[in-house]
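Colleague: To start, I am sharing the structure in question, which I have written as structure tokens.
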Amino acid sequence: MSRADGVAGTGGTPEPVDWEALKAAALAAMHNAYVPYSKFPVGAAALTGDGRLVSGCNVENASYGLTLCAECALVGNLHMTGGGQLRAFYCVDGSGNVLMPCGRCRQLLYEFRAPDMELMTTQGIKSMDQVLPDAFGPEHLEETR
């Protein structure tokens, strides 16, 4: 997937998401997972609003609680490469099957989503609002100030 993929065209309309390229990037990330304990590698990839591709893999720790999910690595990659918002997301397991983010990771993705973010799910493409309905976000903190 080139940097231009997914960037708004001349009419300001975003290009269609190349879901196969996102899956390939997630698979590539999964192969870098550090999973000596669970043997359950996970890879994630996302397209940003400006057309960059970011990815991440899970990294386990002997204490288990310190294990980092692939989505955490992906968000770190997002910020290391210029920040922005996530427009499309794909996550795979060690067999290349679509994998849904856990609840914690859905919340993490919500914080960095573009308003129209889509995710590949086990039931097809869904919006962030469909996979994390009634989410709590930064906008709720503003209500209390």
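Position in the sequence shown (first residue = 1) + 6 = this note's numbering.
Cβ atoms here follow ideal geometry from the backbone N, Cα and C, with glycine treated the same way.
1) Taking the alpha-carbon of Asn-83 as reference, which of Gly-100, Arg-110, Ala-30, Thr-54 has the nearest alpha-carbon?
2) Is it a yes or a no for the stretch 57–67 touching the stretch 38–46, going by three-plus beta-carbon pairs under 8 Å?
3) Is it a yes or a no for the stretch 72–80 touching the stretch 124–133, going by three-plus beta-carbon pairs under 8 Å?
4) So, at 7 Å on beta carbons, what are the nonlocal neighbours of Cys-108 in its own chain, with the 5 sequence-adjacent residues on each side left out?
5) In angstroms with no decimal places, state the Cα-to-Cα distance between Ser-101 and Ala-141.
6) So, is Arg-93 buried or exposed, given that buried needs 16 or more other C-beta atoms within 10 angstroms?
7) Residue range of the alpha helix (DSSP H) that Cys-111 falls in?
8) Around the C-beta of Glu-145, are 16 or more other C-beta atoms found within 10 angstroms, so that it is buried, or is it exposed?
9) Could you spell out where the beta strand (DSSP E) holding Phe-63 opens and where it closes?
10) When you measure from the CB of Pro-107 to every non-hydrogen atom of the ligand ATP, does any distance come out below 7 Å?
Modeller: Judging by the given coordinates:
1) Distance from the Cα of Asn-83 is smallest, within the candidate group Gly-100, Arg-110, Ala-30, Thr-54, for Thr-54.
2) Counting Cβ pairs under 8 Å, three or more are found: they touch.
3) Taking a contact to require three or more Cβ pairs closer than 8 Å, the stretch 72–80 and the stretch 124–133 do not qualify as touching.
4) So the qualifying residues of the chain are Cys-75.
5) Using only the alpha carbons, I get a separation of about 30 Å.
6) If you draw a 10 Å sphere on the C-beta of Arg-93, you find 16 or more other C-beta atoms in it, and that means buried.
7) Here the alpha helix (DSSP H) through Cys-111 covers 109–117.
8) With fewer than 16 other Cβ atoms inside 10 Å of its own Cβ, Glu-145 counts as exposed.
9) One detail in the question is off: residue 63 reads as Cys in this sequence, not Phe. Here the beta strand (DSSP E) through Cys-63 covers 59–63.
10) Among the ligands in the structure shown, none appear at all, so the ligand ATP cannot be discussed.
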